[in-house]
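> Position in the sequence shown (first residue = 1) + 154 = the working numbering. Attaching a single structure in structure tokens format; questions to follow.
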Amino acid sequence: MSTHSTTHTPTHATHSARVTGPVPYITSDGKASHIPMGPCLLEQAGHDRVDIVWGATGQNSACLPVERVKNAASLGHLVLLD
């Protein structure tokens, strides 16, 4: 008799988006800044955080609360493309 165990692995969806207005974040040195306007990727980072990745080679990122991302989207400052 064999037994199988199933481990649930959370899925991480990645979405293309565009920053069209101010989306604030705190830099690694604690300073307030804005994600630059232009293309970016959104990746779910747990149930309450989203990583926003930008730059020609994806060299920049900020981890924001889901609510802040939803707020930026509702204001038209972050547009999901897919």
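Beta carbons are placed, not taken as given, at the ideal position from N, Cα and C, and that holds for glycine.
1. Could you tell me which residues DSSP pairs with Gln198 in its beta bridges?
2. Could you spell out where the alpha helix (DSSP H) holding Val220 opens and where it closes?
3. Which partner residues does Ser187 have in the DSSP bridge list?
4. In chain order, what residues of the same chain lie with their CB nearer than 7 Å to the CB of His201, ignoring the 5 residues before and after it?
5. Across which residues does DSSP place Leu234 in a beta bridge pair?
So, to answer that:
1. Val204
2. Val220 to Ser228
3. Tyr179
4. none
5. Ala171
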